[in-house]
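Be aware that the sequence shown starts at 1, since it is given in full-length UniProt numbering, and climbs by one per residue. This report refers to the structure that appears directly beneath it.
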Amino acid sequence: MKILIIEDEKAVSNDLLFTIKKIWESRPQLNIFQVYTVKESINYLETEEIPDLIFSDIQLGDGTCFEIFRQIEIKSPVIFCTAYDEFAIQAFKANGIDYILKPFMTETIRKALDKYDNLRKLFSNNTSAPNYEGILKLLSELREENRVASILVYIKDRILPIKLEDIALFFLEENDIYLLTLDGKKYSSNKSLDELEKITGNYFFRANRQFLVSRRIISSAHNFFSRKLALNLTIPFSPQIIISKEKKTTFLDWLSQVTK
1 MKILIIEDEK AVSNDLLFTI KKIWESRPQL NIFQVYTVKE SINYLETEEI
51 PDLIFSDIQL GDGTCFEIFR QIEIKSPVIF CTAYDEFAIQ AFKANGIDYI
101 LKPFMTETIR KALDKYDNLR KLFSNNTSAP NYEGILKLLS ELREENRVAS
151 ILVYIKDRIL PIKLEDIALF FLEENDIYLL TLDGKKYSSN KSLDELEKIT
201 GNYFFRANRQ FLVSRRIISS AHNFFSRKLA LNLTIPFSPQ IIISKEKKTT
251 FLDWLSQVTK
């Protein structure tokens with residue numbers, strides 16, 4: 001029995017590994033492998049024997065797990081480890097894929113493994129890969145449906161709503177999160193970039209761990225060192241925002257679909 005864990009947070013990955021081993025401690029020849037990025041996952045799946053089961057986070061540091069499945073046809077069952085809300089979970093269930101909602105519990109993992117055991121024969125007879133493109137489309141639609149209209153910022157004893165359409169980008173600076181408006185005003189945010197990414201909809205793109213940028217301020221992009229992309233913005237901002245080569249395809253797809 002071979003299991004692959006795709007998870008960019010090593011502590012979460014290790015916790016998942018130990019939990020699976022504990023639940024299946026009596027199962028012989030249980031081999032669990034860990035990878036942490038889209039790039040590592042693709043390299044592993046191209047060079048190693050396809051696993052019997054995959055546990056995969058959706059949002060990885062260098063892109064989404066769907067970028068892996070676009071490049072490699074995988075017929076193994078996938079259990080998603082996700083922090084998405086219940087609406088997104090319904091999308092997974094509609095496509096016949098199980099999930100673990102973060103933060104996960106041992107019993108949740110046990111039930112997912114039991115489901116795999118019950119459906120293992122069905123998986124082994126399956127000759128087609130799951131419709132990951134359809135799931136990704138559903139996630140994008142769900143993000144738009146659940147997008148907030150404004151972001152609340154706190155200034156001393158005041159609570160100020162900033163309209164999403166007036167925000168140029170969110171960024172990490174010295175361990176704090178800030179938002180910058182189109183007219184150059186800077187405010188502190190009490191939400192993480194991960195939280196903001198979920199509530200700002202498809203109109204914002206997570207360039208990397210430091211920046212979440214609005215389509216409105218992107219005028220163009222140009223090739224950068226090592227097949228990366230650098231963004232040209234309509235507003236003055238430093239430092240330069242770079243798209244990694246792993247995220248390049250996803251960014252260009254998003255750029256072509258989202259209008260200003």
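For each residue, glycine too, the CB sits at the ideal point set by N, CA and C. This structure is a prediction, so every number in the text was calculated from the model and none was measured.
Can you check which of these residues, the options, is closest to residue i by C-alpha distance?
i, options, result
"ILE151", "LYS198, ILE241, THR108", "LYS198"
"SER189", "ASP183, PHE171, GLY201, ASN202", "PHE171"
"ASP62", "SER256, GLN34, ASP253, THR249", "THR249"
"ASN31", "TYR99, ILE217, LEU45, ILE5", "ILE5"
"PRO77", "ILE58, LEU101, TYR116", "TYR116"
"ARG27", "PRO51, MET1, LEU17", "MET1"
"TYR36", "PRO236, SER56, THR19, ARG70", "SER56"
"LEU229", "PHE237, LEU252, ILE217", "LEU252"
"VAL38", "GLU7, SER13, GLU48", "GLU7"
"LEU60", "GLU246, ILE54, ILE159", "GLU246"
"GLU165", "VAL213, ASP176, ASP157", "VAL213"
"GLN71", "ASP52, LEU45, GLY184", "LEU45"
"LYS185", "ARG158, THR200, PHE18, ILE162", "ILE162"
"LEU193", "TYR178, ILE241, ILE42", "TYR178"
"ARG158", "THR181, TYR187, VAL148, GLU174", "TYR187"
"LYS75", "GLU49, THR64, ILE100", "GLU49"
"PHE104", "SER13, ASN43, PHE204", "SER13"
"PRO236", "LEU101, LEU182, GLN210, CYS65", "LEU182"
"LEU53", "ASN43, LEU101, GLU9, ILE109", "ILE109"
"SER226", "ILE242, ASN232, LEU233, THR234", "ILE242"
"THR64", "ASN208, PHE224, ILE217", "ASN208"
"TRP254", "ILE20, ILE23, THR19, ILE218", "ILE218"
"GLU173", "GLU25, LYS102, PHE211", "PHE211"
"ILE58", "GLU73, ILE20, ILE100, ILE23", "ILE100"
Tell me the residue span of the beta strand (DSSP E) that contains residue i.
i, result
"ARG206", "204 to 206"
"THR181", "176 to 181"
"LYS2", "2 to 6"
"LEU101", "99 to 101"
Return the first residue and the last residue of the alpha helix (DSSP H) that residue i is part of.
i, result
"ASP157", "Counting along the chain, ASP157 falls outside any alpha helix (DSSP H), and DSSP gives it neither H nor E."
"GLN210", "That residue, GLN210, is in no alpha helix (DSSP H); it is neither H nor E in DSSP."
"TYR44", "38 to 47"
"ASN14", "10 to 23"
"GLU165", "No alpha helix (DSSP H) holds GLU165; DSSP gives it neither H nor E."
"PHE66", "66 to 71"
"ILE32", "Here ILE32 belongs to no alpha helix (DSSP H); instead the beta strand (DSSP E) covers 31 to 35."
"LYS198", "193 to 199"
Buried or exposed for residue i, going by 16 or more other Cβ atoms inside 10 Å?
i, result
"ARG206", "buried"
"ALA168", "buried"
"GLU195", "exposed"
"TYR154", "exposed"
"PHE69", "buried"
"PRO51", "buried"
"ALA91", "Low confidence applies here, because ALA91 scores a pLDDT of 49, under 50, leaving its location unreliable and the question unanswered by this model."
"PHE33", "exposed"
"LEU16", "buried"
"GLU67", "buried"
"THR106", "exposed"
"LEU180", "buried"
"ALA112", "buried"
"THR82", "buried"
"ALA11", "exposed"
Tell me the DSSP bridge mates of residue i?
i, result
"ASP57", "CYS81"
"LEU172", "ILE177"
"SER188", "TYR178"
"LEU152", "PRO161"
"SER214", "PHE204"
Quiz item: Considering only residues of the stretch 217 to 257, which uninterrupted alpha helix (DSSP H) runs meet the minimum length of 4 residues and lie entirely inside it, listed in chain order?
Solution: If we require 4 residues or more, the alpha helix (DSSP H) runs fully inside the stretch 217 to 257 come out as 248 to 257.
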